[in-house]
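Residue numbers for the sequence shown follow this note's numbering, beginning at 23 and rising by one.
Glycine included, each C-beta is placed from N, C-alpha and C at the ideal position.
In what follows, a single structure is set out as structure tokens and then discussed.
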Amino acid sequence: MAVLEVRDVTVRFGGVTAVDGVSLTVRAGLVTGLIGPNGAGKTTLFNVISGLQAPQRGEVVFGGKNLRHVSPSGRSRAGLGRTFQRLEAFGSLTVRENVLVAIEIRQGLRWMRSAAQRAEADRLLTLVGIAEYADRRADAVPTGVARLLEVARSLATEPRLLLLDEPSSGLVETETERFGLLLRKLAEQRRAIVMVEHDMGLVMSTCDYVYVLDFGKVIAAGTPAEIRSDPRVQQAYLGTLDVS
23 MAVLEVRDVT
33 VRFGGVTAVD
43 GVSLTVRAGL
53 VTGLIGPNGA
63 GKTTLFNVIS
73 GLQAPQRGEV
83 VFGGKNLRHV
93 SPSGRSRAGL
103 GRTFQRLEAF
113 GSLTVRENVL
123 VAIEIRQGLR
133 WMRSAAQRAE
143 ADRLLTLVGI
153 AEYADRRADA
163 VPTGVARLLE
173 VARSLATEPR
183 LLLLDEPSSG
193 LVETETERFG
203 LLLRKLAEQR
213 RAIVMVEHDM
223 GLVMSTCDYV
233 YVLDFGKVIA
243 AGTPAEIRSD
253 PRVQQAYLGT
263 LDVS
């Protein structure tokens, strides 16, 4: 089932076209990759989907509803979660408190945090593999842990669609492998996941379907095997990279 449909979206900044007539479909239960060179328009497209950037043309349909007049917070309440390329954790709060903030926003603020809320935060930290950092300040943890914290915080909003912008940045190889398994587990729970990522090993081993952007246009779409062998993708992006 299509959870998200992006239809002919175009974004221009002055004389520069950052996203040029992009259309894509994202389905529940699948991990969808969005790859391409730096400046290809990937993050700009994420900004359009999450409501931070208005397109000059095109539309975003989420759960069958056109999001043209829906605010970013409204999209979040509707079940759209997002992490950012730039880390956005609350540095003065602990890792657990960062997740609790998201839980409280979803459930409504209360005078006192409940044991159930704390248990939910700890469950999410365990799920993403950073429970041991729960009581550490967010600005004192390694970059890879902070990335996973942002995933846990996004999951606290119970999203149907999760947009991940370069989530493996800062992860070591073993952490990246575990992260790929986590994405598969989340997809098995019928979530739709879209991942902007430069780690081709992670993309090719984890994604069910991949879109390739170059100069704001979709130049290829298909399974990882199809993308790996596409000469247009090789020329524009993959080059001589080992993506096996």
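Any idea if residue i is buried or exposed, counting beta-carbon neighbours within 10 angstroms, 16 or more meaning buried?
{"i": "L67", "result": "buried"}
{"i": "V117", "result": "buried"}
{"i": "F35", "result": "exposed"}
{"i": "G113", "result": "exposed"}
{"i": "D187", "result": "buried"}
{"i": "L177", "result": "buried"}
{"i": "D157", "result": "exposed"}
{"i": "D264", "result": "Interpretation of D264 is limited by its pLDDT of 42, a score under 50 that renders its predicted location unreliable; no figure is taken from the coordinates."}
{"i": "S98", "result": "buried"}
{"i": "L235", "result": "buried"}
{"i": "D221", "result": "buried"}
{"i": "A258", "result": "buried"}
{"i": "R175", "result": "buried"}
{"i": "V38", "result": "exposed"}
{"i": "G96", "result": "exposed"}
{"i": "S69", "result": "For the sequence presented, residue 69 should be read as Asn rather than Ser. It is buried - the Cβ of N69 has at least 16 other Cβ atoms within 10 Å."}
Can you give me the start and stop residues for the alpha helix (DSSP H) that residue i sits inside?
{"i": "S251", "result": "246-251"}
{"i": "L67", "result": "64-72"}
{"i": "R223", "result": "The question names Arg, yet the displayed sequence has Gly at residue 223. Per DSSP, G223 belongs to the alpha helix (DSSP H) from 222-228."}
Within the 8 Å Cβ cut-off, does residue i reach chain B?
{"i": "Q139", "result": "Considering every chain present, this structure includes no chain B. It has just one protein chain."}
Please state whether the Cβ-Cβ distance between residue i and residue j is less than 8 Å.
{"i": "P181", "j": "L102", "result": "yes"}
{"i": "D230", "j": "A242", "result": "no"}
{"i": "L170", "j": "V194", "result": "no"}
{"i": "L208", "j": "I71", "result": "no"}
{"i": "P246", "j": "V216", "result": "no"}
{"i": "I125", "j": "A143", "result": "yes"}
{"i": "G85", "j": "A100", "result": "yes"}
{"i": "G223", "j": "E197", "result": "no"}
{"i": "V33", "j": "A24", "result": "no"}
{"i": "L89", "j": "V121", "result": "no"}
{"i": "I57", "j": "E219", "result": "yes"}
{"i": "T65", "j": "Q107", "result": "yes"}
{"i": "L204", "j": "A160", "result": "no"}
{"i": "G244", "j": "D42", "result": "no"}
{"i": "R128", "j": "T179", "result": "yes"}
{"i": "G55", "j": "V232", "result": "yes"}
{"i": "V31", "j": "P77", "result": "yes"}
Once the 5 residues before and after residue i are set aside, which same chain residues still bring their CB inside 8 Å of it?
{"i": "R206", "result": "V53, T228"}
{"i": "S93", "result": "G73"}
{"i": "R268", "result": "For residue 268 there is no data in the structure shown, the boundaries of the chain being 23 and 266."}
{"i": "L183", "result": "V25, L26, V48, F84, G101, L102, G103, R213, A214, I215, V216"}
{"i": "V123", "result": "F112, L115, R175"}
For the beta strand (DSSP E) holding residue i, just list the boundary residues, first then last.
{"i": "F35", "result": "24-35"}
{"i": "L56", "result": "53-57"}
{"i": "S45", "result": "38-49"}
{"i": "A258", "result": "Unbroken run through A258: none, as it is neither H nor E."}
Leaving aside the five residues before and after residue i along the sequence, list all residues of the same chain whose C-beta is less than 6 Å from its C-beta, in chain order.
{"i": "R211", "result": "According to the sequence displayed, residue 211 carries Gln and not Arg. Contacts found: none."}
{"i": "V163", "result": "Y155"}
{"i": "I152", "result": "V167, L170"}
{"i": "R254", "result": "I241, A242"}
{"i": "G192", "result": "T165, G166, R169"}
Using a Cβ-Cβ cutoff of less than 7 Å, which residues in the same chain neighbour residue i once the five nearest sequence positions on both sides are dropped?
{"i": "E110", "result": "E172"}
Every unbroken alpha helix (DSSP H) within the region 74-128, with a cutoff of 4 residues, ordered by chain: 94-99
At 3 residues or longer, what runs of the beta strand (DSSP E) sit wholly inside the region 139-210? 183-187
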